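Please read the structure below before turning to the comments.
2 protein chains.
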Amino acid sequence: MEHSAAIADRAEKVIARCKRLASITETPGSTCRTFLSIAMRECYRVVGDWMEAAGASVSIDAAGNLRGLYPAADTGAPRLLLGSHLDTVPDAGAYDGVLGVVLAVSLVETLEDRKLPFAIEVIGFSEEEGVRFGAPFIGSRALTGKLDDELLNRTDAKGVSVRTAIENFGLKPADISQAALSNDSLAYLEFHIEQGPVLESLRIPLGIVEGIAGQTRGEFTFLGRANHAGTTPMTLRHDAMAAAAEWILEVERVAKMEKGLVATVGRIAATPNAANVIAGQVQLSLDVRHSSNSLRIRTADFLAVQAEEIAHRRGLTVQRKTLLNQPAVSMDPFLMGQIEQAAVNAGCAVHRMVSGAGHDAMIVAGTIPTAMIFLRTPGGVSHHPSESVSVDDVAKAMECGMLLLTQLGGSAEFQKRMVRA
Amino acid sequence: MEHSAAIADRAEKVIARCKRLASITETPGSTCRTFLSIAMRECYRVVGDWMEAAGASVSIDAAGNLRGLYPAADTGAPRLLLGSHLDTVPDAGAYDGVLGVVLAVSLVETLEDRKLPFAIEVIGFSEEEGVRFGAPFIGSRALTGKLDDELLNRTDAKGVSVRTAIENFGLKPADISQAALSNDSLAYLEFHIEQGPVLESLRIPLGIVEGIAGQTRGEFTFLGRANHAGTTPMTLRHDAMAAAAEWILEVERVAKMEKGLVATVGRIAATPNAANVIAGQVQLSLDVRHSSNSLRIRTADFLAVQAEEIAHRRGLTVQRKTLLNQPAVSMDPFLMGQIEQAAVNAGCAVHRMVSGAGHDAMIVAGTIPTAMIFLRTPGGVSHHPSESVSVDDVAKAMECGMLLLTQLGGSAEFQKRMVRA
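Taken in sequence, the protein lines are chains V and W.
By the working numbering, the letter at position 31 of the first sequence is numbered 1108, and the numbering carries on one by one without gaps.
By the working numbering, the letter at position 60 of the second sequence is numbered 1137, and the numbering carries on one by one without gaps.
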């Protein structure tokens, strides 16, 4: 094990590399890298050089994922996957996704040509944010065989399809099936910034993700009666805005009742939306997330009942539309235990938590055992140029990762998995 | 006094005339007549013909108001003004404003050349709705000497000023001062549909307007923190949407506490207004109206304090902007009494009420004694093609108006006013 000063140096280097990648952008003056853009090619060149220097053989699969394979002690040994995504949102920070790839490369570097009983494949996913095609996880879906024709035919704002974008990058859509996880893939581990305020509020540097919350998205429309704000007495109103307000507070009240439950009304549209007219119609979004599918669905249904009750009491009606019902995903308990042990050995406090946001790990977990490690995010700020991580927290994550690789290399249970693979 | 069948016939004719005027429009397929448009010229031709046939001499003043003067028994006698506005909102109904003018013409017709101790001037105001120039009451402001240069220089969507519109209609802006009320103007009486649900809910055909509510308009902006709807626990949120919702309900609660008070949040704009992002900012309109200026101002101030309290408790801030502070206007008590007596004599129940909406009477009341009579509005529906009035209610209004003219002609107190004039 390296001493802590050396690890701090590596952490500084990880952060410097993330900042360097942030300067590779398709939008001068801010960071933006979408699926298979010219900026992405330059990003792959730079990250690919780092991978090669660390002893990995580099390739780009037909879904545009950057893959660096660092060999095992023995040929024919299975592989452990480490990585995250290299695409960004518009006006992005430097760490969302990128940190997980750069940190994985750095972990391979710490091996300094020492070989483990398994190979390590570092993956930089080509697409996770859904910016260019309005559909996320193009990279990780290819790994799990879920990059179907429907998705391949989706077009961006300029009418270019995913398929054509792949061809334009010099890749072959026909080879996408070869991007799928090979049978020797043991597990997937993703480091990622938390993108939320929980670890910071607990003053804990690292989080072990237990699962990724399921998500229900819906649209509720209260239908009242538009009327003159001056001539309609309070008692004769059917005010869709007031009904909506009552329901928004009910959403908040119900969500606060259960640990880990979040429910949000983030979007609102009133009609006619004029200062001197009582709103006749108000449309609201609802976003409910929890690690328990049944609690999430029960909550969304209860909120629909409450909307009905509020509408009925006020002489309005309400319409509900369900837009998304995505089940929760669990992380692998064995890997979670291993991460916890590594953190303890690194002298680092960890917190087990549910990820409210979706990640590549959510997709990959459907195919192989998967785990995620969150890094504390100052201010919970993400998807913004001021996104940051501290050197200390990156050092803790590095140390934890190094111990984890050593542990897995020596773990009898992990060996059994290797035999199965 | 005519018998009731004759009055019903006149009421039918009034409604038919309103419907005919609704067909004179600048927007084929729906009713829209804005200030001094080509449709307005045709409307003036038709209404002017009716005025002349009833024995009035017709003119158009320099602010575009159509004026028909029916002489008194003696030359040199002062005049009573009757009227309302002839312009409309887009996609209008047939009665808002128009009914008051047509009904006034019909009242003059019932005199059948019988002369009263005062002349009757029927006014069809050129502009009340504020559609073309975004500023209402152009017609009645000219009568009270308040059509100033600022208003004359306002431009419509095509860059045409009020002044140029007047010239284009063949009128002389330099003559606007001659449109002002002459010293022999005794009083102004306006019939108008209620445009609200109060009379219908009370099952009463006519309302005597006691005053026109003062109006406070403001804008409140709650500033919280935009954040990820999935990764931000309920307890760590600064949700501008939830704060806004709490305040909207507070606005409703406070308004319900005082009779006649109305307070409305009709407009809302959330930022970033995305389903998966906690709102960082929500901007809301506030419209407060009451006949008591002090209660209205106290209410708006109290709601600002409540907004502060809600924001503070939730870790947000709130900004207040006052956009309008328009004092309430009282109608003339003597005229109100005379209307009530006429209604009693007509066997018609009346209800004294405050107008929550602005009307030409609000402007004219600043200069001469003014009164308004409201007609029940089915469903409270106005500013909509389905706006309507019943023949019975129009007949009641006619009967009440006829009795009122006779009363005023014989009233000792009104005679005193005539002497003063």
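A virtual CB, placed ideally from N, CA and C, is assigned to each residue, including glycine.
Please read all numbers here as calculations on a predicted model, not as lab measurements.
Classify R1330 of chain V as buried or exposed, calling it buried when 16 or more other Cβ atoms lie within 10 Å of its own Cβ.
R1330 of chain V is exposed by the Cβ-count criterion.
Let me confirm a value: K1473 of chain V is counted as buried when at least 16 other C-beta atoms fall within 10 Å, else exposed. Which label applies?
Burial call: buried.
With a cut-off of 8 Å, does the C-beta of A1347 of chain W fall near any C-beta of chain V?
So, interface residue.
With 16 as the cutoff for other CB atoms within 10 Å, does S1459 of chain V come out buried or exposed?
Buried, since its Cβ has 16 or more Cβ neighbours within 10 Å.
Can you name, in chain order, every residue of its own chain whose Cβ lies under 6 Å from the Cβ of A1133 of chain V, other than the five neighbours on each side?
Hits under 6 Å: G1145, L1146, Y1147.
For T1394 of chain W, does the three-state DSSP call read helix, strand or coil?
Here T1394 of chain W sits in strand by DSSP.
Apply the 10 Å Cβ neighbour rule to H1389 of chain W and answer buried if 16 or more other Cβ atoms are within range, or exposed otherwise.
Exposed is the call here.
Which residues mark the beginning and the end of the beta strand (DSSP E) in which S1046 of chain V is found?
This structure cannot settle anything about residue 1046 of chain V, because the visible part of chain V is limited to 1078 through 1498.
Per the contact definition of three or more C-beta pairs closer than 8 Å, is the region 1158-1167 of chain V in contact with the region 1199-1217 of chain V?
Taking 8 Å as the limit for Cβ pairs, the verdict is that the region 1158-1167 of chain V does touch the region 1199-1217 of chain V.
Looking only at C-alpha atoms, which of V:L1188, V:K1096, V:T1152, V:Q1255 sits nearest to G1141 of chain V?
Closest option to G1141 of chain V, Cα to Cα, is V:Q1255.
With DSSP collapsed to three states, give me the class of F1451 of chain W.
Strand at F1451 of chain W.
Report the neighbours of V1166 of chain W on chain V: residues whose CB is nearer than 8 Å to its CB, in chain order.
Residues of chain V passing the Cβ test: none, with the nearest at roughly 12 Å.
Determine the direct distance from the alpha carbon of S1259 of chain W to that of R1097 of chain W, and round the result to whole angstroms.
Their backbone Cα atoms lie some 32 Å apart in a straight line.
Considering only DSSP beta bridges, list what Y1147 of chain V is partnered with.
Looking at the DSSP assignment, Y1147 of chain V forms a beta bridge with V:I1197.
Counting only beta-carbon separations shorter than 8 Å, does R1294 of chain V have a partner in chain W?
Judged by the 8 Å Cβ criterion, R1294 of chain V is in contact with chain W.
Closest to R1191 of chain W by CA distance: which of W:K1493, W:T1483, W:R1494, W:A1489 is it?
Among W:K1493, W:T1483, W:R1494, W:A1489, the Cα nearest to that of R1191 of chain W is on W:T1483.
How about G1392 of chain W and H1315 of chain W: do their beta carbons lie closer than 8 Å?
Their beta carbons are under 8 Å apart, which means G1392 of chain W touches H1315 of chain W by this criterion.
Indicate the three-state DSSP secondary structure (helix, strand or coil) for E1206 of chain V in the structure shown.
In the structure shown, E1206 of chain V sits in coil (DSSP, three-state: anything other than H, G, I, E or B).
With burial defined as no fewer than 16 other Cβ atoms inside 10 Å of the residue's Cβ, what is the status of P1274 of chain V: buried or exposed?
By the 10 Å Cβ count, P1274 of chain V comes out buried.
Is the beta carbon of L1363 of chain V closer than 8 Å to that of F1297 of chain V?
Result yes, Cβ atoms of F1297 of chain V and L1363 of chain V sit closer than 8 Å.
Any beta carbon from chain W within less than 8 Å of R1375 of chain V's own beta carbon?
No - not a single Cβ of chain W is within 8 Å of the one on R1375 of chain V.
For Q1396 of chain W, count neighbouring C-beta atoms within 10 Å of its own C-beta (all shown protein chains included) and say buried if the count is 16 or more, exposed if not.
So Q1396 of chain W ends up on the exposed side.
Taking a cut of 8 Å between CB atoms, which residues from the region 1275-1294 of chain W lie near chain V?
The residues in question are V1275, S1278, A1290, Q1292, R1294.
Between which two residues does the beta strand (DSSP E) containing S1278 of chain V stretch?
First-last for S1278 of chain V: 1275-1279, but that is the alpha helix (DSSP H), not the beta strand (DSSP E).
Contact defined as beta carbons within less than 8 Å: I believe V1382 of chain V pairs with A1321 of chain V. What is the distance between those atoms, to the nearest angstrom?
Their Cβ separation, rounded to whole angstroms, is 16 Å, which puts V1382 of chain V and A1321 of chain V out of contact at 8 Å.
Anything in the region 1324-1355 of chain V with a Cβ closer than 7 Å to a Cβ of chain A? List those residues in chain order, please.
As a matter of chain content, chain A is missing from the structure shown, whose protein chains are V and W.
Please name the residue or residues paired with E1464 of chain W in a DSSP beta bridge.
Per DSSP, none; premise fails for E1464 of chain W.
Can you find a CB in chain W that lies within less than 8 Å of the CB of A1364 of chain V?
According to the sequence as given, residue 1364 of chain V is Asp; it is not Ala. Yes - at least one Cβ of chain W is within 8 Å of the one on D1364 of chain V.
Could you list which residues in chain W have their beta carbon closer than 7 Å to that of P1213 of chain V, in chain order?
Correct list: empty, because the minimum Cβ distance to chain W is about 12 Å.
For a cutoff of 8 Å on Cβ pairs, would you count T1394 of chain V as touching chain W?
It does not: the Cβ of T1394 of chain V has no partner Cβ on chain W nearer than 8 Å.
Alpha carbon to alpha carbon, how far is D1378 of chain W from I1092 of chain V?
C-alpha separation (whole angstroms): 51 Å.
Helix, strand or coil for E1490 of chain V, going by three-state DSSP, please let me know.
Helix at E1490 of chain V.
Can you tell me where the alpha helix (DSSP H) holding F1411 of chain V begins and where it ends?
Run containing F1411 of chain V: 1410-1422, per the alpha helix (DSSP H) assignment.
Can you grab the Cα-Cα spacing for the pair A1181 of chain V / A1171 of chain V, in whole Å?
The straight-line gap from Cα to Cα measures roughly 16 Å.
Hey, would you say A1423 of chain W sits closer than 8 Å to S1369 of chain W, going by beta carbons?
It is not a contact, given that the beta carbons lie outside the stated cut-off.
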